[in-house]
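A.B. asks:
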Amino acid sequence: MPSSVPARVLLGISLVSGSLLMTELSLTRIFSVTMYYHFAFMAISIALFGLSASGVYVFLMRERFARVPTDRLLSIHALAYALVSVVALAILVRMRVGLNYSPANVALMAVTYVLSALPFFAGGAAVSIAIARLSAQIGAVYAADLLGAAAACLLLMPALNRLGAPGAILAAACFGAAAAALFHPPGRRAPVVAQGGALAMVVVIAGASPLRLFSVSTTKGHEQHAVLF
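FYI, this note's numbering numbers position 60 of the sequence shown as 163, with every residue one higher than the one before it.
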């Protein structure tokens, strides 16, 4: 990478950082509806788990990653973050978790925890790679990270009010796809833009579909319809 970090990379870092925070806080609302309010703040431990695991992953893969350009690594992990966010959300809103103690319910809780951690793992890996590979410009990288998180705090409430929690997570996934395109150099950006655009189209079409793929269908272990929150 050059001695100064390109503005497109800093903007991509801001988008990933901000969208991760949007996802984390949106999950608190989803968990309070699909489970009970006791589990709402489980989203915080899930985010910490996913982010910590991503740091370990980047450390263990450092020798293999050394052969891959930084731009490509950042783009791959940002796109993976966007993709797993969409897939995980579609599954999470359909999981029927109750408070009763049973092997099946414990297994569902474990699946919920791991599935919810995947976006933080992939997105956290992108941030970890940026910090590790751009350490000579850590001030600029960290500033971009904090600015993205601050912008997400301002954007979250309007997004929740207008889109709902699932919609806010889908918007965050689109931000991740946009970051993937920004991370790639302009001359080699076309494939990533196409992939990110395709993902955004899938999100929009699925969200508007009568099948309501991303609508919450179960609350407190019971099937519900047209849940508002």
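All C-beta atoms, glycine included, are put in the ideal place defined by N, C-alpha and C. Here the structure is a predicted model, which is why all the values come from computation and not from measurement.
If the criterion is Cβ atoms closer than 8 Å, does the pair residue 120 and residue 230 meet it?
C.D. replies: Sequence index remark: in the sequence shown, residue 120 carries index 17 (1-based). Sequence index remark: in the sequence shown, residue 230 carries index 127 (1-based). In this structure, residue 230 lies closer than 8 Å to residue 120 by Cβ.
A.B. asks: With a cut-off of 8 Å on the beta carbons, I'd call residue 228 and residue 161 a contact; round off their distance for me.
C.D. replies: Along the sequence shown, read from residue 1 onward, the residue named residue 228 stands at position 125. Along the sequence shown, read from residue 1 onward, the residue named residue 161 stands at position 58. Going by Cβ atoms, the distance from residue 228 to residue 161 rounds to 6 Å, so yes, they are a contact pair.
A.B. asks: Below 6 Å CB to CB, which residues in the same chain sit around residue 268 once its five sequence neighbours on both sides are set aside?
C.D. replies: By one-based count along the sequence shown, residue 268 stands at place 165. Only 129, 132 and 133 meet the Cβ criterion.
A.B. asks: Where does residue 119 sit, in a helix, a strand or coil, going by DSSP?
C.D. replies: The residue given as residue 119 occupies position 16 in the sequence shown. Helix.
A.B. asks: Take residue 153 as the anchor and find which of 221, 236 and 263 has the nearest alpha-carbon.
C.D. replies: As a working mapping, residue 153 is identified with position 50 in the sequence shown. Closest option to residue 153, Cα to Cα, is 221.
A.B. asks: Out of 163, 285, 255 and 281, state which residue places its alpha-carbon closest to the alpha-carbon of residue 271.
C.D. replies: Sequence index remark: in the sequence shown, residue 271 carries index 168 (1-based). The shortest Cα separation from residue 271 among 163, 285, 255 and 281 belongs to 255.
A.B. asks: Spatial neighbours of residue 211 within its chain, please: C-beta separation below 7 Å, excluding the five flanking residues on both sides.
C.D. replies: Position 108 of the sequence shown holds residue 211. For residue 211, where only same-chain residues beyond five positions count, the Cβ hits under 7 Å are 198 and 200.
A.B. asks: With a CB to CB cut of under 7 Å and the five nearest residues on each side skipped, what residues in its chain are close to residue 311?
C.D. replies: For the purposes of this step, residue 311 is taken as the residue at position 208 of the sequence shown. Residue placement at residue 311 is poorly supported in this model, since its pLDDT is 49, which falls under 50; the coordinates still yield a value, given next. Closer than 7 Å at Cβ, skipping near neighbours: no residue.
A.B. asks: Consult DSSP for residue 208 and reduce its assignment to one of helix, strand or coil.
C.D. replies: Mapped onto the sequence shown, residue 208 falls at position 105. Correct three-state label for residue 208: helix.
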